[in-house]
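Numbering (my numbering), first residue to last: 1 to 391. Notes for the one structure printed next.
Have a look at this one:
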C-alpha cells in the first residue's frame, strides 16, 4: 500500500514537471503571433516575411520530431528530456538576442526541433509512469500544459512585448523553460523504463505497418477537424457583428473549454480509446452542423463555440494513446519514433484543416467553414470503421 502511494506520488510529480515543460514549449509556439507587429517594426520586414516565425516553427516541429527521435532513440529518456529542455532554452535565448531576422529564424528552428522531440519523449514518459488503465489520463495531464499555452501564448507575448520588448517575451519563455528543466531534473525519476532499441530503418518499418499508418492518418484528419472553423473564428465572429470585448470573452471561454475537454478526453479514452474517439468525432461533427445555422444568434453561437472548444482537443489523449498501443503491439522497438510521427500528424492536421477552411472562405464564404469540419469528422469516423474491421 505504501509502495503504491509512493509510485502514485512519483507519477504525479513527474506529470507536473512534464506539464510545466509543455507549457513553456507551447507558449513559444504561439508567442510570436502576439509580438509580430513589434518584430516587423524592429527588422523592417513585411507581414508575410514576419509570418515565417510561425510557419518555419511549424515546419521545424513536423520535420524535427521524427528525424531527431530516430537519431536519439538509444538515449536514456531522462537524459534526453534534459538535453531537449537545454536546447529549448538556448533556442529562445538565441531568438531574443538575434541581431538579424535570419538569426531570429535560426533560433525559432532550434526551439522547434526541441518542441518536436519533447512531445514524443514526454508522451512516452507520461505513459510509462502510471498503470496501463491511466495512460490516457497521464498523457492528457502532460498535454494540459500545452493547452493552457494555446490560450495564453498570444496574450502573454502581446502583454510582455507592449510593456517591455518583444525580446523580453522570448527571454521570459527561456526562464520558464529553465524552471521546467530544474523541475525535470528533480521530479522525473532517474530510472525510467529503457526504450527498446530498434535496428536502423524504423521509419520504413512503420510505413510498412498498415495499422500504424491508419492511426497516423486518423490523427491528422480527426485532430484537424476543428481547424477549418477555428482558424477563421475571430473573423467569423466579427463578420457576424460580435463586439471586440465579447470576442475576447468568448476566446477565453474557448480556451478554458479546451483545457477541460483535454482532461475529460483522457479519462474517457483510458479503457477503449478507439470507441471514445468515435463518440468524440460524432459529437464534433454534430456541433459543426449546428454551427452552420447557429452563429447568427449570439447566445446560441456562444454556446456552440464553447462546445467546439470542449471537443477540439478532447481527442488528443485518445489519438496519442491509440498510436502508442498499436506501436507496442506491432513495433515495440520503434515506440518513441511512432510517438514522434503522431506529433507530426497533429501538425499536419492543423495544416490540412486550416487549408480546407481557406478554400471554403475563398470559394463559398466564411459561413460555410463548418462544412470542412463536418467532412473531416465524417472521414475520421470512416477511418475508425476501417480500423475496427481490421482488428
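From the three backbone atoms N, C-alpha and C, an ideal C-beta is built for every residue, glycine too. Being a predicted model, the structure only gives us computed values, none of them experimental.
### Supposed close pair residue 269, residue 276 - CB separation, criterion 8 Å
About 4 Å; that satisfies the 8 Å criterion.
### Beta-carbon contacts of residue 217 that lie in its chain and below 8 Å, excluding the five residues immediately before and after
Within the same chain, Cβ atoms closer than 8 Å to the Cβ of residue 217 are found at 345, 383, the five residues on either side in sequence being excluded.
### Message
If I measure Cβ to Cβ from residue 167 and keep anything under 6 Å in the same chain, skipping five residues before and after, which residues do I get?
### Response
Setting aside the 5 residues that flank it on each side, residue 167 is surrounded in the same chain by 96, each with a C-beta closer than 6 Å to its C-beta; the list follows chain order.
#### Entry: Where residue 127 sits in the DSSP three-state scheme
In the three-state DSSP reduction, residue 127 falls in the helix class (H, G or I).
#### Entry: For residue 246, three-class secondary structure by DSSP
If DSSP states are grouped into helix, strand and coil, residue 246 belongs with the helices.
#### Entry: Cβ pair residue 259, residue 148 closer than 8 Å
Yes. Within cutoff.
### Enclosing alpha helix (DSSP H) for residue 134 [first to last residue]
Boundaries cannot be given for residue 134, as no alpha helix (DSSP H) includes it and DSSP labels it neither H nor E.
### Query
Do you know offhand how far residue 236's Cα is from residue 250's?
Straight-line Cα distance between these residues: approximately 13 Å.
### Task
With a cut-off of 8 Å on the beta carbons, I'd call residue 340 and residue 65 a contact; round off their distance for me.
The beta-carbon distance between residue 340 and residue 65, rounded to whole angstroms, is 4 Å. This is short enough to meet the 8 Å contact definition.
### Query
Using CA coordinates, which residue listed in 330, 266, 228, 247 is at the minimum distance from residue 360?
For the residues 330, 266, 228, 247, the minimum Cα distance to residue 360 belongs to 228.
### Task
Using alpha carbons as the reference points, say which of 205, 308, 183, 264 lies closest to residue 24.
The shortest Cα separation from residue 24 among 205, 308, 183, 264 belongs to 183.
### Message
Mapping the DSSP letters down to three states, classify residue 278 as helix, strand or coil.
### Response
Here residue 278 sits in helix by DSSP.
### Task
For residue 378, collect the residues of the same chain with a Cβ closer than 7 Å to its Cβ; drop the 5 residues on either side in sequence, then sort them by chain order.
Residues of the same chain with a CB within less than 7 Å of the CB of residue 378, apart from the 5 flanking positions on each side, are 285 in chain order.
### Message
Below 8 Å on the Cβ atoms is my contact criterion, and I expect residue 18 with residue 122 to pass it. Report the Cβ-Cβ distance as a whole number of Å.
### Response
Your pair residue 18 and residue 122 checks out as a contact, with CB atoms roughly 5 Å apart and the cut at 8 Å.
### Task
Would you check if the region 53 to 69 and the region 112 to 120 touch, i.e. whether three or more CB-CB distances between them fall below 8 Å?
Taking 8 Å as the limit for Cβ pairs, the verdict is that the region 53 to 69 does touch the region 112 to 120.
### Query
Thinking C-beta only, is residue 135 closer than 8 Å to residue 321?
Yes, they are a contact pair.
### Query
Which residue's Cα is closest to the Cα of residue 262: 290, 138, 365, 202?
Selected option, being the one with the closest Cα: 138.
### Query
Hey, is the region 299 to 318 in contact with the region 32 to 41, meaning 3+ C-beta pairs nearer than 8 Å?
Touching, no.
### Message
Just to confirm the assignment, what range does the alpha helix (DSSP H) spanning residue 209 have?
### Response
No alpha helix (DSSP H) holds residue 209; DSSP gives it neither H nor E.
### Message
Taking its Cβ as the centre, do 16 or more other Cβ atoms sit within 10 Å of residue 246, making it buried, or is it exposed?
### Response
Label assigned to residue 246: exposed.
### Query
Could you give the distance in angstroms between the alpha-carbon of residue 253 and the alpha-carbon of residue 298?
Approximately 14 Å between the Cα atoms of the pair.
### Query
Apart from the five residues just before and just after residue 266, which ones in its own chain have a Cβ nearer than 6 Å to its Cβ?
Hits under 6 Å: 136, 137, 140, 317.
### Query
Between the Cα of residue 291 and the Cα atoms of 279, 306, 278, which residue gives the shortest distance?
In this structure, 306 is the residue among 279, 306, 278 with its C-alpha nearest to the C-alpha of residue 291.
### Message
I'd like to check one pair, residue 315 with residue 280: are the Cβ atoms closer than 8 Å?
### Response
Remark: C-beta atoms of residue 280 and residue 315 approach each other more closely than 8 Å.
### Task
Give the C-beta separation of residue 400 and residue 330 to the nearest angstrom, bearing in mind that I take them to be a contact with Cβ-Cβ under 8 Å.
This structure cannot settle anything about residue 400, because the visible part of the chain is limited to 1 through 391.
### Task
Give the straight-line distance between the Cα atoms of residue 76 and residue 335, rounded to the nearest whole angstrom.
Taking the straight line joining both Cα atoms gives about 14 Å.
### Task
Return the chain-ordered list of same chain residues with a C-beta closer than 8 Å to the C-beta of residue 189, the five sequence neighbours on each side being excluded.
10, 14, 78, 129, listed in sequence order.
### Task
Given a cut-off of 8 Å, decide if residue 145 and residue 22 are closer than it, judged by their beta-carbon atoms.
Residue 145 sits close to residue 22, with the two beta carbons spaced by under 8 Å.
### Message
Please report the distance separating the alpha-carbon of residue 374 from that of residue 6.
### Response
Here the alpha carbons of residue 6 and residue 374 stand approximately 46 Å from one another.
### Host alpha helix (DSSP H) of residue 57 (start-end)
That run of the alpha helix (DSSP H) goes 52 to 72.
#### Entry: Secondary structure of residue 29, DSSP reduced to three states
Helix at residue 29.
### Continuous alpha helix (DSSP H) stretch holding residue 46: start and end
Here residue 46 belongs to no alpha helix (DSSP H), and DSSP marks it neither H nor E.
#### Entry: Close-in-space but distant-in-sequence residues of the same chain around residue 111 (CB under 6 Å, 5 per side omitted)
Result list for residue 111: 28, 88, 91, 92, in chain order.
### Proximity of residue 204 and residue 213 at Cβ, strictly below 8 Å
At least 8 Å separates the beta-carbon of residue 204 from that of residue 213.
### Message
Could you check whether residue 350 and residue 224 sit closer than 8 Å to each other, using their CB atoms as the reference points?
### Response
Between residue 224 and residue 350, the C-beta spacing is below 8 Å.
### Task
State buried or exposed for residue 150, treating a residue as buried only when at least 16 other CB atoms are found within 10 Å of its CB.
Sixteen is the threshold: when 16 or more other Cβ atoms of the shown chains lie within 10 Å of the Cβ of residue 150, as they do, the residue is buried.
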